[in-house]
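Positions in the sequence shown are counted from 1; adding 3 to them yields the numbering used here. To start, the structure itself, in structure tokens.
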Amino acid sequence: MDSDFFGKLEALYSEMDQKWAAAASHYGFECTGCKDNCCKSLFFHHTFIEEAFLAAGVEALTPSVRKDVQKRADGYLETVFDSTGSVSEKRPCCPLNIDGLCAVYPNRPMICRLHGLPHHLEGADGRIVKGNGCAQGESFFMSKSYFDFNRTPFYSRMASLELEYRKAKGLSGRIRKTVAHMVQET
Ligand code: SF4
Ligand code: SF4
Numbered sequence: 004m005d006s007d008f009f010g011k012l013e014a015l016y017s018e019m020d021q022k023w024a025a026a027a028s029h030y031g032f033e034c035t036g037c038k039d040n041c042c043k044s045l046f047f048h049h050t051f052i053e054e055a056f057l058a059a060g061v062e063a064l065t066p067s068v069r070k071d072v073q074k075r076a077d078g079y080l081e082t083v084f085d086s087t088g089s090v091s092e093k094r095p096c097c098p099l100n101i102d103g104l105c106a107v108y109p110n111r112p113m114i115c116r117l118h119g120l121p122h123h124l125e126g127a128d129g130r131i132v133k134g135n136g137c138a139q140g141e142s143f144f145m146s147k148s149y150f151d152f153n154r155t156p157f158y159s160r161m162a163s164l165e166l167e168y169r170k171a172k173g174l175s176g177r178i179r180k181t182v183a184h185m186v187q188e189t
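Below you can see the structure in the form of structure tokens.
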């Protein structure tokens, strides 16, 4: 059953990747990684389907790499959260980033795919919320008109797919996890 859902998720991810590539091309921006890598941002993920897909990527790693990323995940969580769960100021790199590359690149979550470029969101009240791209691309983004990168349809479709997945798997409740939390639980 998971493979059907994963197929739908991959199709959605592919559309996100295509939109990202079109926007990057519009600005003439190429992400080749950077010192303040977006893999150091503290992101929380909120879908069971993405958690399951990421876990499948971790489970496909060789046993030694998997052990390594799990150890990194332990260290990440100890650094970022104190014993009460409060967030510290420290921002280590995601445990799945190995020497600048994502160890589960095809399985990385939505926010990792959408990050880095100027975008906007349409609120339920019609309000538009704009997001800047990353600092590395600022000169590229400033030199061109805005590329219409609306994240809202992607978020909506992800929410629908998540709902379908939850129904099929009998899952409920809130999920709010970093990649490190997900890796630790694999
Ligand atoms: S998207 Fe921007 S912040 Fe992220 S790695 Fe690429 S250049 Fe760096
Ligand atoms: S899952 Fe991959 S792309 Fe996302 S933050 Fe971790 S290393 Fe970076």
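Even glycine gets a Cβ: it sits at the ideal position worked out from N, Cα and C. The structure presented is a predicted model; accordingly, all values stated were derived computationally and were not measured.
What is the C-beta distance between residue i and residue j, in whole angstroms, given that I count them as a contact (C-beta under 8 Å)?
i, j, result
"alanine 76", "alanine 183", "4 Å"
"phenylalanine 152", "proline 121", "6 Å"
"valine 72", "leucine 99", "6 Å"
"tyrosine 149", "phenylalanine 8", "Actually they are not in contact, since the Cβ atoms of tyrosine 149 and phenylalanine 8 sit about 34 Å apart, beyond 8 Å."
State yes or no: is the C-beta of residue i nearer than 7 Å to some heavy atom of ligand 2?
i, result
"valine 68", "no"
"arginine 111", "yes"
"valine 107", "yes"
"leucine 80", "no"
"lysine 182", "Note on residue identity: the sequence assigns valine, not lysine, to residue 182. The answer is yes for valine 182."
Taking C-alpha atoms, which residue in the options lies nearest to residue i?
i, options, result
"tyrosine 16", "Met185, Asn100, Leu164", "Leu164"
"cysteine 41", "Gly176, Phe157, Ile131, Arg111", "Arg111"
"threonine 181", "Met19, Val90, Ala138", "Val90"
"histidine 29", "Gly36, Asp39, Gln21", "Gln21"
Just to confirm, does residue i get its C-beta within under 7 Å of one of the non-hydrogen atoms of ligand 1?
i, result
"histidine 118", "yes"
"cysteine 34", "yes"
"cysteine 137", "yes"
"asparagine 100", "no"
"cysteine 37", "yes"
"asparagine 153", "no"
If we count the other Cβ atoms within 10 Å of its Cβ and call it buried at 16 or more, is residue i buried or exposed?
i, result
"lysine 147", "exposed"
"lysine 93", "exposed"
"methionine 185", "buried"
"tyrosine 108", "exposed"
"valine 132", "exposed"
Let me check one thing: in DSSP terms, what residues is residue i bridge-paired to?
i, result
"leucine 124", "Val132"
"valine 90", "Phe84"
"cysteine 105", "Asn100"
Verify the CB distance criterion: does residue i have a CB-CB separation below 8 Å to chain D?
i, result
"histidine 49", "The structure shown has no chain D; it contains just one protein chain."
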